[in-house]
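Report on the structure given below.
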Amino acid sequence: MTEQVIYPVQPGQKTKLNNAQYQAMYAESLRDPEGFWQQQAQRIEWKKPFSKVKDVSFAKEDLHIRWFEDGELNVTESCLDRHLDKHGDDVAIIWEPDDESQVARRITYRELSKEVNQLANGLRDLGVKKGDVVTIYMPMVPEASMAMLACARIGAIHSVVFGGFSPEALAGRIEDGNCHYVITANEGVRAGKIVPLKENVDAAINLCKSDQVKKVVVLNHTGNACTMEVGRDEDYRQLVDKQDSECQAEVMNAEDPLFILYTSGSTGKPKGVLHTCGGYLVYASMTHEYIFDYERGDVYWCAADVGWITGHSYIVYGPFANGATVVMYEGVPTHPDCGRVARIVDKHQINILYIAPTAIRALMSDGDEPVEGASLESLRLLGTVGEPINPEAWRWYYRTFGRSQCPIVDTWWQTETGAALITPLPGATDLKPGSATRPFFGIEPALVDEKGNELSGATSGNLIIKDSWPGQMRTVFGDHQRFIDTYFSTFEGTYFTGDGAKRDEDGYFWITGRVDDVLNVSGHRMGTAEIESALVAHEAVSEAAVVGFPHDVKGQGIYVYVTLNHDVQASPAIRNDLINWVRKEIGPIASPDIIQWAPGLPKTRSGKIMRRILRKIATDEYDQLGDISTLADPSVVESLIQEHQALT
Ligand code: ATP
Ligand code: MG
327 MTEQVIYPVQ PGQKTKLNNA QYQAMYAESL RDPEGFWQQQ AQRIEWKKPF
377 SKVKDVSFAK EDLHIRWFED GELNVTESCL DRHLDKHGDD VAIIWEPDDE
427 SQVARRITYR ELSKEVNQLA NGLRDLGVKK GDVVTIYMPM VPEASMAMLA
477 CARIGAIHSV VFGGFSPEAL AGRIEDGNCH YVITANEGVR AGKIVPLKEN
527 VDAAINLCKS DQVKKVVVLN HTGNACTMEV GRDEDYRQLV DKQDSECQAE
577 VMNAEDPLFI LYTSGSTGKP KGVLHTCGGY LVYASMTHEY IFDYERGDVY
627 WCAADVGWIT GHSYIVYGPF ANGATVVMYE GVPTHPDCGR VARIVDKHQI
677 NILYIAPTAI RALMSDGDEP VEGASLESLR LLGTVGEPIN PEAWRWYYRT
727 FGRSQCPIVD TWWQTETGAA LITPLPGATD LKPGSATRPF FGIEPALVDE
777 KGNELSGATS GNLIIKDSWP GQMRTVFGDH QRFIDTYFST FEGTYFTGDG
827 AKRDEDGYFW ITGRVDDVLN VSGHRMGTAE IESALVAHEA VSEAAVVGFP
877 HDVKGQGIYV YVTLNHDVQA SPAIRNDLIN WVRKEIGPIA SPDIIQWAPG
927 LPKTRSGKIM RRILRKIATD EYDQLGDIST LADPSVVESL IQEHQALT
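Quick note: the sequence shown uses my numbering, first residue 327, plus one each step.
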């Protein structure tokens with residue numbers, strides 16, 4: 327990295343652990359994993375205690391991952407029932423509507439529990455049984471969280487599909503999960519626009535086998551009518567209101583499935599990741615408490631969609647297990663303008679804010695002004711997740727939202743990992759913008775070379791995890807071989823993340839990008855993150871994406887897609903300026919060969935840049951774009967192709 331400014335822990339900062347305590351506890355978690363997790367697992371409610379903590383082998387021929395395997399529980403008893411006695415009147419969900427002029431909803435734990443139990447009874451009435459897969463295709467409303475918990479209550483496996491996905495993408499997931507039940511809404515609202523969810527469900531069902539979907543539960547969210555098929559479709563409200571407010575929780579084994587969730591699809595066809603009950607809840611709840619330094623009463627906002635793993639672990643399971651007050655926002659961060667996020671923080675007096683770098687870059691592109699009107703005094707901690715955060719974006723977030731006093735936890739993790747693995751702990755970890763810093767308890771990351779040899783000291787390589795943690799995925803649903811091939815076959819005996827990383831002199835990790843995206847320029851291996859961050863640090867640039875293309879002399883050349891800030895005009899002068907800028911920031915080796923102006927970049931619905939598509943465009947392979955079902959705006963691709971053809 328070109329610079330490494332350290333933001334030390336601020337004196338007097340209120341936290342759970344200081345650095346020495348983190349170090350000691352981390353060392354202990356590796357020295358005696360069984361003892362460590364035996365103790366940590368007590369943070370959740372067990373119906374029957376487990377006698378065995380861990381049974382794991384990462385060996386390809388004998389792959390198995392089991393945690394707390396003879397324990398029994400129902401995750402909803404940790405997330406709901408146990409709070410009712412003393413904290414039933416605490417607010418569980420504060421719901422902020424898309425339309426700022428509408429009133430927010432506040433739902434207590436008692437109310438949440440009642441509705442989850444009723445919906446669970448309703449699902450049982452419809453015939454849903456333990457082990458059945460239920461697809462949830464909902465807008466960002468409290469009923470989405472309720473639907474997840476209702477499934478968990480009766481032992482059904484939920485498969486949440488992001489409400490922005492097309493009927494085709496939805497149908498693929500319904501079929502892949504062999505799912506007979508769908509929970510949806512008539513419509514969603516995002517940035518003032520209506521999303522026809524029920525219509526999409528109908529279209530998806532038509533694409534599936536004729537007897538695939540048996541029942542559809544439909545929440546009327548917007549008040550508008552929608553078509554209901556008699557015998558198949560059920561009105562959510564009618565179904566729920568007639569039910570008893572207590573539903574006996576299904577007894578689940580720790581290793582029974584809790585949910586399936588598809589990855590974002592940045593690097594290929596999405597994988598149906600399967601998580602189980604016991605280990606997942608222990609790990610989600612523990613990370614939520616330590617990483618966000620959560621204390622009862624704090625108002626916490628995770629601005630992800632429930633359709634992503636971040637929403638599962640940090641809007642639903644982690645926070646509810648901890649009795650947290652969770653803000654849930656229906657809309658998008660930039661609607662109706664870049665000041666919305668800051669206004670929501672003030673309105674609900676939010677203490678902890680967790681959003682993605684892509685959202686931060688979007689807010690930044692209008693400068694400080696939209697944020698300046700807000701007080702933001704309630705905030706004491708910020709977080710990010712989803713992509714490497716460009717240091718420039720980190721500093722902006724720190725300076726504006728953080729008022730130069732809130733730590734930022736840059737949490738690195740994956741759908742597969744269940745919850746965060748590499749992350750600062752506030753008050754314990756000195757921060758470096760752009761670095762996810764240090765491993766969480768029980769996590770042993772390592773860097774290996776192409777042959778799998780472990781590298782020591784300050785270096786870069788392929789990021790692997792050497793041993794299991796409770797929140798790890800257990801299989802790819804319906805395709806265990808893909809699980810073995812993707813994660814355990816590249817580097818024997820370890821979990822391969824697919825990401826590249828750098829480790830500095832202080833042992834801090836810097837994610838350099840996907841290993842698939844690494845460039846090899848004249849024999850120098852370079853991650854995408856460093857070059858992109860250098861470009862984003864230029865005052866004219868809003869976003870950048872870097873890919874390699876075949877180059878006669880260098881082996882690979884550097885092809886850069888650049889989105890300029892709103893107020894900047896593309897010109898040959900800026901192009902030269904950017905080339906010189908990168909040479910100065912990183913060195914001549916990183917000098918871009920081709921710069922293409924990109925009004926928009928292809929991104930997944932979860933906001934990640936899909937470099938594999940940009941690589942195909944750069945090499946004229948337009949017919950090989952691969953799975954693009956998770957692309958947020960497919961029209962971007964066509965205009966990039968045209969622009970590329972004009973350029974070359
Ligand atoms: P697919 O696996 O289908 O290609 P995906 O990897 O984008 O999709 P997710 O599980 O949503 O699906 O994303 C995980 C990836 O996101 C990580 O492997 C990493 O590349 C990136 N990521 C997440 N958080 C961070 C972070 N804090 N810093 C750097 N990269 C991050
Ligand atoms: Mg991935």
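For every residue, glycine included, the Cβ atom is placed at its ideal position computed from N, Cα and C.
Per-residue burial, Thr328 [other beta carbons within 10 Å of its own, 16 or more giving buried]: Because Thr328 carries a pLDDT of 44, less than 50, the predicted location of this residue cannot be relied on, and no value is offered for it.
Gly824 Cβ short of 7 Å to the ligand MG heavy atom set: yes
Assumed close pair Leu399, Lys373 - CB separation to whole angstroms, cut-off 8 Å: 5 Å
Expected contact under 8 Å - CB spacing of Thr749 and Ile905 to nearest Å: Thr749 to Ile905, Cβ: 35 Å. No contact.
C-alpha gap between Tyr348 and Tyr620, whole angstroms: 16 Å
Thr816 CB to nearest heavy atom of the ligand ATP below 7 Å: no
The ligand ATP heavy atom lying under 7 Å from the CB of Arg840: yes
When Val442, Cys477, Ser786 and Ser848 are compared against Ala855, the one with the closest alpha-carbon: Ser786
Proximity to Glu703 [Cα-Cα], best of Val625, Thr930, Val774 and Met654: Val625
Identity of the residue in Ile921, Gly490 and Lys934 nearest Gln971 by Cα: Ile921
At least 3 beta-carbon pairs within less than 8 Å: the segment 456-467 vs the segment 550-562: no
At least three beta-carbon pairs within less than 8 Å, the segment 711-720 to the segment 753-764: yes
Cα-Cα separation, Leu445 to Arg622: 27 Å
Residues sharing a beta bridge with Cys628, DSSP: Tyr680
Ranges of the beta strand (DSSP E) found wholly within the segment 713-750, counting only runs of at least 3: 734-736
Near the ligand ATP: Ala367 beta-carbon under 7 Å from a heavy atom: no
Assigned secondary structure, Thr328 (DSSP; H/G/I helix, E/B strand, else coil): Low confidence applies to Thr328: its pLDDT is 44, below 50, so where it sits in the model is not reliable, and the reading given next is rough at best. Three-state DSSP puts Thr328 in coil, outside helix and strand.
Test item: CB-CB of Glu572 and Asn443 under 8 Å: yes
8 Å Cβ cutoff met for Gly549 and Val521: no
Pairwise C-alpha distance: Thr602 and Asp582: 5 Å
Gly804 Cβ short of 7 Å to the ligand ATP heavy atom set: no
Complete beta strand (DSSP E) runs within the segment 579-613 (minimum length 3 residues, chain order): 583-588 and 598-602
According to DSSP, residues forming a beta bridge with Leu356: Looking at the DSSP assignment, Leu356 forms no beta bridge with any residue, so it has no partner.
Residue(s) in a DSSP beta bridge with Tyr845: It should be noted that the sequence gives Leu, not Tyr, for residue 845. BP columns for Leu845 point to Met852.
Buried/exposed call for Asn532, threshold 16 Cβ in 10 Å: exposed
N- and C-terminal bounds of the alpha helix (DSSP H) containing Ala495: Pro493 to Asp502
Cross-strand partners of Val556 (DSSP beta bridge): According to DSSP, which records beta bridges pairwise, Val556 is partnered with nothing at all.
Cβ neighbours of Met351 in the same chain (closer than 8 Å, five flanking residues each side left out): Leu343 and Phe767
8 Å Cβ cutoff met for Leu773 and Ala827: yes
Inter-stretch contact at 8 Å, needing at least 3 Cβ pairs: the segment 650-664 / the segment 410-420: yes
4-residue-minimum alpha helix (DSSP H) runs that sit fully inside the segment 454-529, ordered along the chain: 468-479 and 493-502
Helix, strand or coil at Leu269 [DSSP, three-state]: Summary: the structure shown does not reach residue 269, with the chain confined to residues 327 through 974, and so no result is reported for it.
C-alpha gap between His390 and Pro796, whole angstroms: 13 Å
Residue range of the alpha helix (DSSP H) that includes Tyr562: Tyr562 to Asp567
Beta-carbon spacing of Ile370, Ala647 below 8 Å: yes
Own chain residues within Cβ distance below 6 Å of Val894, not counting five before or after: Ala866
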